[in-house]
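Each step along the sequence shown adds one to the number in UniProt numbering, with nothing skipped, and position 92 is 92. Scroll down for the structure; my scribbles are underneath it.
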Amino acid sequence: MEKLKVVDLFSGAGGLSAGFEQTGCFEVVAAVELDKYARMTYKRNHKRLKDDLFFKDIRDIKEAQIELLKETGVEVVIGGPPCQGFSNANRQKNSIISSNNQLVKDYIKVIEKLEPLIFVMENVNTMRSDKHKFFLSYSDKEELEDLNLVYTTEKIIIGDSSIVSEPFIKSLDEISKIDPFLIEEDVFSKIGSLLRQRSIDKVKTYLEKQGNFNYFDNLIQRWENLHQKYIGQYYIDEWDSLGNCLGEILLGEDNNNLLKHLSFIIETQKTLMKLKELLHHQIDFKIEDSEGNIVVNLKTYNVFEYVKEKFKSIGYRINEDEKYILNAANFGVPQFRKRLFIVGAKEQFLNENNQIIKLPDEIIINEESYYRIGDAIQDLEELDTSTDVNAPSISIRGSNVNVKTGINKYYNENNTYEIYNHVRTDTRENCVKTL
Numbered sequence: 001m002e003k004l005k006v007v008d009l010f011s012g013a014g015g016l017s018a019g020f021e022q023t024g025c026f027e028v029v030a031a032v033e034l035d036k037y038a039r040m041t042y043k044r045n046h047k048r049l050k051d052d053l054f055f056k057d058i059r060d061i062k063e064a065q066i067e068l069l070k071e072t073g074v075e076v077v078i079g080g081p082p083c084q085g086f087s088n089a090n091r092q093k094n095s096i097i098s099s100n101n102q103l104v105k106d107y108i109k110v111i112e113k114l115e116p117l118i119f120v121m122e123n124v125n126t127m128r129s130d131k132h133k134f135f136l137s138y139s140d141k142e143e144l145e146d147l148n149l150v151y152t153t154e155k156i157i158i159g160d161s162s163i164v165s166e167p168f169i170k171s172l173d174e175i176s177k178i179d180p181f182l183i184e185e186d187v188f189s190k191i192g193s194l195l196r197q198r199s200i201d202k203v204k205t206y207l208e209k210q211g212n213f214n215y216f217d218n219l220i221q222r223w224e225n226l227h228q229k230y231i232g233q234y235y236i237d238e239w240d241s242l243g244n245c246l247g248e249i250l251l252g253e254d255n256n257n258l259l260k261h262l263s264f265i266i267e268t269q270k271t272l273m274k275l276k277e278l279l280h281h282q283i284d285f286k287i288e289d290s291e292g293n294i295v296v297n298l299k300t301y302n303v304f305e306y307v308k309e310k311f312k313s314i315g316y317r318i319n320e321d322e323k324y325i326l327n328a329a330n331f332g333v334p335q336f337r338k339r340l341f342i343v344g345a346k347e348q349f350l351n352e353n354n355q356i357i358k359l360p361d362e363i364i365i366n367e368e369s370y371y372r373i374g375d376a377i378q379d380l381e382e383l384d385t386s387t388d389v390n391a392p393s394i395s396i397r398g399s400n401v402n403v404k405t406g407i408n409k410y411y412n413e414n415n416t417y418e419i420y421n422h423v424r425t426d427t428r429e430n431c432v433k434t435l
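Here you go:
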């Protein structure tokens, strides 16, 4: 039987690719992965993968790359686009919109353009929850109407109105009006590092590192030039006070007001950054002052519902038996790991072959029969470990390593008799005494 050709989007180190290829029915001929080290691992395990079919960023897949994939004969798309939940309770974040969630739409766009026979999309099992959402943009409205999706009105706190007033925020209705009030990203990041120390003593310890000291010593020299514009006199006073406090601490003096001034500046900057983000993504929103908070009123829609309806709208039938979740433990993996799977196939393909789509039934149903970590790797305890991450592999050819369980035996099939990365942490002497 001729193998179906596959592209793995967001391939990581290649776990999903390996699973498909182990069936003997699929050949992975293209992949997308951004992480440098995951790419190195993937390439090592897929030496035949051509460089022009190993993409870094899914957003790099334009019309020319789609044509190349079609010419290569790709008929199956697999992969798990990152998807991040949102919680209004977490005000510590610098952003509102997760760029990861946009990758879900990018994944669908590739499928829409490539038109594979089949796709498999896996994701976190909580993707169905209300926390996984898209924010409604002006460009989304027509599509949502076409998909017959409903949206929810939500209120999100982006700042403190005692720090940044509602009238001032409302006046910043263009990105070009916000930018002059923002400090450089690396400056924001560095002063944020100071605030995370949480105490003056820890700030001093942080600044004892020569690189950190040099950075802030240089920063103080150009302190007055780090803004194009200031929000108002109260902000200028806080900024000047922060600079004075920081200068004193660099001279070895104490100043317990540093963290207070840091907090004010950072919270102000975060409010402006979030507003800029909403404008950049063309989100439909309104601003109000509510109980001392700057609140954004906007609309959201559920990621999972969008994904399902979007796939249907582009001609795919998906598994809709309310069983979207698979637990790895039910299939012999020594880990209790639930993942969401959406499997889709072209309507025409299913009709011609009189097929339906359903996820596989569990192999191991009884929890007492689940494999444990010990079942998988207990034989490794007989081998000497190293504390050196660069230690060479261990040869087990001719050793008396005892394969004791079915899963262990499976893992040792086609063994190269070499064990890599058998490394442990170097336990300190006082810890050894305690143990």
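Note that CB positions come from ideal geometry on N, CA and C, so glycine has one too. Everything numeric in this text was worked out from a predicted model, so none of it was measured.
Inter-residue CB distance, V104 and V389 (contact presumed, cutoff 8 Å): V104 to V389, Cβ: 35 Å. No contact.
Distance, S290 Cα to V7 Cα: 49 Å
Sorted by chain position, which residues of the same chain lie with C-beta nearer than 7 Å to A13's C-beta, five sequence neighbours on each side aside? A38, T41, Y42
Coarse secondary structure for G374, derived from DSSP in three states: helix
Separation of E184 from M1, as counted between CA atoms: 58 Å
Find the nearest neighbour of L136 within the set F336, E174, F285, Q335, judged by alpha-carbon distance. F285
Please state whether DSSP places K131 in a helix, a strand or coil. coil
So within the region 138 to 221, which uninterrupted beta strand (DSSP E) runs reach at least 3 residues, ignoring any that extend past its ends? 152 to 160
The region 145 to 164 touching the region 364 to 383, judged by at least three CB pairs closer than 8 Å: no
Give me the Cα-Cα distance between R128 and T425, rounded to the nearest whole angstrom. 38 Å
Exposed unless 16 or more other CB atoms sit within 10 angstroms - verdict on S162: exposed
What ranges does the alpha helix (DSSP H) occupy inside the region 41 to 118, keeping only unbroken runs of at least 4 residues that lie completely in it? 63 to 72, 99 to 114
Over what stretch of residues does the beta strand (DSSP E) that includes S17 continue unbroken? Element bounds for S17: not the beta strand (DSSP E) but the alpha helix (DSSP H), 15 to 22.
Would you check if there are 3 or more beta carbon pairs closer than 8 Å linking the region 317 to 325 to the region 171 to 186? no
Leaving out five residues before and five after E166 in sequence, what residues of the same chain have Cβ atoms less than 6 Å from its Cβ? D289
Enclosing alpha helix (DSSP H) for E305 [first to last residue]: 303 to 313
By Cβ distance below 8 Å, which residues in the same chain neighbour T271 in space, the five residues on each side in sequence not counted? I158, G159, D160, I163, V164, I169, I294
Closest to N327 by C-alpha separation, out of K312, L350, E362, D375, would be which residue? E362
Quick one: complete alpha helix (DSSP H) runs, 4+ long, within the region 219 to 294? 233 to 250, 258 to 280
Distance between beta carbons of I325 and N125, contact taken as under 8 Å: 5 Å
Check whether the region 328 to 337 touches the region 107 to 123, taking contact to mean three or more Cβ pairs, one atom from each stretch, closer than 8 Å. no
Figure out for me which residue from Q84, L278, F311 has the closest Cα to the Cα of E143. F311
To the nearest angstrom, how far is it from the Cα of A64 to the Cα of D51? 15 Å
According to DSSP, residues forming a beta bridge with A345: I118, R317
N408, enclosing alpha helix (DSSP H) - first and last residue: 406 to 411
E27 - DSSP class collapsed to helix/strand/coil: strand
Quick test of the definition: if touching needs 3 or more C-beta pairs under 8 Å, does the region 44 to 63 touch the region 12 to 32? yes
For I200, which residues of its own chain have a beta-carbon under 8 Å away from its beta-carbon, when the five flanking residues on both sides are left out? I249, D254, N255, N256, L258, L259
Proximity of E267 and I97 at Cβ, strictly below 7 Å: no
For the candidate residues V110, R44, T300, whose alpha-carbon lies nearest to that of residue 457? Past the boundaries of the shown model lies residue 457; the chain is included only from 1 to 435, so the question cannot be answered.
Please tell me whether I394 and L383 are closer than 7 Å, where the distance is taken between their beta carbons. yes
Using DSSP with H/G/I as helix, E/B as strand and the rest coil, what is E352? helix
Between K3 and G73, is the Cβ-Cβ spacing less than 7 Å? no
Could you name the residues of the same chain whose beta carbon sits closer than 7 Å to that of L195, not counting the 5 residues immediately before and after it, in chain order? L259, L262, S263, I266
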